[in-house]
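Visitor: Numbering (the UniProt record's numbering), first residue to last: 1 to 613.
Just so you know, even glycine gets a beta-carbon here, dropped at the ideal spot from N, CA and C.
Before I ask anything, here is the structure I am working with.
Written out as structure tokens, the structure is:
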């Protein structure tokens, strides 16, 4: 037995050690990292009893809320104590002001940091620039040259101001600025008046309806708006345009050709016109009233040879490529010169010369023209010409060319023939296809010039076939044009208004244009000496029918029985009324005989309205 126990003693010792180790582990498991041993049952019972007691008194809340309240209370107590301390020292402020101060401080810090960064970059740039100068000594010389170029440019600017042409150009710009401002003030009122007139009278185009195509100190080129864009009444005029030119003394319109037939009329001044053809050249001295046809594609140039008077011309333009659209092809030394459009190979082959020489001789734009273009100014189409050059051109104009043209291609003056109508009140000069100007036959046009003296009247009349484009050249007056109201009304109103007469009135001033359709009676009075230029379209077989006057009066040709049926008066009264006007075509705007009684004055126009309407 003793032997058995002795042999098993090690095993029993090992078991005892294991038992003690397990007891120790169980004991330490009851502790939470050095805290007191957990007593779950007692704690739970105590918590439950506490909650019951609080519920009885209505004050129970979860423990975590109590903890939060305690923390909030501590913070509030700390804040109150801090405010009391600040008030004692006179430094207390609300918290939102402190927050604003903090934002201001942050903004100030950000601004300071930004300024410091800019200063740092500036210092770094200057240091790098200094290092570059040390590494590249030629750079400093380049900068000096740049400064010298700037000084030279300023000097050249002062020299340009001393140059007569540049001074003239500057004066022109200043005058144009002043003129534009004055015209703007005057034009606003005039435009309101003219717009009112144009709304009432679709046949009137005031002078401000011209669009400026080109203008510099030497002159301008202006184009009237399209007729057919104003009203459907002018649909037949869609292929006719009106262009007005003005040039100062001793200037030239440089060579060009236009894809349109032109009828050119000199309104005032003296000119030298040179017309080129493939194997010929013809120069003509032109003066007021001269008229010439330039066929489409004709290259020409025009000089104002007068020493004092401006040159003024007007063109009736008839495009050949498309209705109402035409282009001018310039040979002048500017960016619009059409030879520039060809390729180098074509130019070299065409002139059998290297392109560099062609460019230098024909194409190169001068430095002053380039700078003016870069500054947004107009390139030259009208330039100054010296007196010596004008004298040379005069000699050429007087001499005959190598091959003289037939006489029908030369200019003709409107006043060179006997006037169609003339008396002490006015005159009408006219060239027509049938009588005096074969060049107008293929265009079916006539050109007329009307002069009405101050206080006179061009008697009421109408054209049988021709549509007349009438331009006011000089003077002022009034125009009355008769039509039917349905010309401006919708088609559904035409039955109601078929026979109603509409009188369209216009106060005429220089530059105004009036369209007089065929068959529409018109009368014109002059408040000052009035000069009018007319282009008649559909001129062939046109007749001008007067409605009063001793001659060419269509009403006087009506037979007596028909007069009695047509007019309310007796035949004797009608014939006596017709014979009262002793003048023909032009007469005094005030009647020589005044009717007595309540009838008062009667206009010659009013006596014939019933004839047609």
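Return helix, strand or coil for residue 256, following the three-state DSSP convention.
Guide: Collapsing the DSSP output to three states places residue 256 in a strand.
Visitor: Can you round the beta-carbon distance between residue 426 and residue 463 to whole angstroms, since I take them to be within the 8 Å contact cut?
Guide: Residue 426 to residue 463, Cβ: 17 Å. No contact.
Visitor: Which residues in the same chain as residue 414 place their Cβ atom closer than 7 Å to its Cβ, once the five residues preceding and following it in sequence are excluded?
Guide: Once the five neighbours on either side are set aside, the close Cβ partners of residue 414 are 289, 291, 429, 431, 447 and 449.
Visitor: Tell me the residue span of the beta strand (DSSP E) that contains residue 318.
Guide: 311–319
Visitor: Identify every run of the beta strand (DSSP E) within the region 411–491, keeping only runs that are complete inside it and at least 3 residues long; order them along the chain.
Guide: For the region 411–491, the continuous beta strand (DSSP E) assignments of 3+ residues that do not extend past its boundaries occur at 421–423, 426–431, 445–452, 456–463, 467–474 and 477–484, in sequence order.
Visitor: Buried or exposed: residue 13, going by 16 or more other Cβ atoms within 10 Å of its Cβ?
Guide: exposed
Visitor: Measuring straight from C-alpha to C-alpha, what distance separates residue 11 and residue 22?
Guide: Each residue's alpha carbon lies about 17 Å from the other.
Visitor: Exposed or buried, which one is residue 251 when buried takes at least 16 other CB atoms within 10 Å?
Guide: buried
Visitor: What is the DSSP secondary structure of residue 550, reduced to helix, strand or coil?
Guide: Coil, per DSSP.
Visitor: Whole angstroms is fine: what's the gap from residue 207's alpha carbon to residue 547's?
Guide: 30 Å
Visitor: In the DSSP assignment, the alpha helix (DSSP H) including residue 351 goes from what residue to what residue?
Guide: 344–351
Visitor: Between which residues of its own chain and residue 34 is the CB-CB distance below 8 Å, once the five residues before and five after are set aside?
Guide: Only weak support is given to the placement of residue 34: the predicted model assigns it a pLDDT of 47, under 50, and the value that follows is read from those uncertain coordinates. So no residue of the chain qualifies.
Visitor: Work out the CA separation of residue 439 and residue 419 for me, nearest whole Å.
Guide: Straight-line measurement puts the Cα of residue 439 at about 20 Å from the Cα of residue 419.
Visitor: Which residue's Cα is closest to the Cα of residue 224: 577, 113, 470 and 541?
Guide: Of the candidates 577, 113, 470 and 541, the residue whose Cα lies closest to the Cα of residue 224 is 470.
Visitor: Straight-line CA distance for residue 314 to residue 242?
Guide: Cα to Cα, the separation comes out at about 7 Å.
Visitor: Closer than 6 Å by C-beta to residue 255: which residues in its own chain qualify, once you throw out the five before and the five after it? Chain order, please.
Guide: 299, 301 and 331
Visitor: Please report the straight-line C-alpha distance between residue 396 and residue 354, rounded to a whole angstrom.
Guide: Each residue's alpha carbon lies about 33 Å from the other.
Visitor: How is the beta strand (DSSP E) around residue 502 delimited, first residue to last?
Guide: 501–508
Visitor: Would you mind stating whether residue 615 and residue 382 have Cβ atoms separated by less than 7 Å?
Guide: There is no way to answer for residue 615, as the model of the chain reaches only from 1 to 613.
Visitor: Does DSSP put residue 92 in a helix, a strand or coil?
Guide: With a pLDDT of 49 at residue 92, under the threshold of 50, the modelled position of this residue cannot be trusted; read the value that follows with caution. It is coil, neither helix nor strand.
Visitor: Just checking residue 268 against the ligand HEM - is the residue's beta carbon closer than 6 Å to any of the ligand's heavy atoms?
Guide: Although the ligand HEM was asked about, the structure shown includes no ligands whatsoever.
Visitor: Please report how far the alpha carbon of residue 271 lies from the alpha carbon of residue 591, in whole angstroms.
Guide: About 42 Å.
Visitor: Could you tell me the alpha carbon to alpha carbon distance between residue 604 and residue 293, rounded to whole angstroms?
Guide: Because residue 604 sits at a pLDDT of 44, beneath the cut-off of 50, its placement in the model cannot be relied upon, and the following sentence gives the value as read from the coordinates. When rounded, the distance between both Cα atoms is 38 Å.
Visitor: Quick check on residue 276: does DSSP put it in helix, strand or coil?
Guide: Looking at residue 276 - three-state DSSP - the assignment turns out to be strand.
Visitor: Report the option in 523, 517 and 245 whose CA atom is closest to the CA atom of residue 588.
Guide: 523
Visitor: Under the three-state reduction of DSSP, which class applies to residue 569: helix, strand or coil?
Guide: coil
Visitor: Over what stretch of residues does the beta strand (DSSP E) that includes residue 382 continue unbroken?
Guide: 382–384
Visitor: Quick test of the definition: if touching needs 3 or more C-beta pairs under 8 Å, does the region 309–328 touch the region 259–279?
Guide: yes
Visitor: Assign residue 328 to one of three DSSP states: helix, strand, or coil.
Guide: strand
Visitor: Exposed or buried, residue 338, counting other C-beta atoms within 10 Å across all chains shown (16 or more means buried)?
Guide: Result: exposed.
Visitor: Thinking C-alpha only, which one of 351, 586, 121 and 476 is nearest residue 529?
Guide: Closest option to residue 529, Cα to Cα, is 476.
Visitor: Does DSSP put residue 263 in a helix, in a strand, or in coil?
Guide: When DSSP states are grouped into helix, strand and coil, residue 263 belongs to the strand group.
Visitor: Let me know if residue 435 comes out buried or exposed under the rule of 16 or more other beta-carbons within 10 Å of its beta-carbon.
Guide: exposed
Visitor: Near residue 556, which residues of its chain fall below 7 Å by C-beta distance, leaving aside the five closest residues on each side in sequence?
Guide: 578
Visitor: Is residue 326 near residue 247, with beta carbons less than 7 Å apart?
Guide: no
Visitor: Per DSSP, what kind of secondary structure is residue 397 in: helix, strand or coil?
Guide: helix
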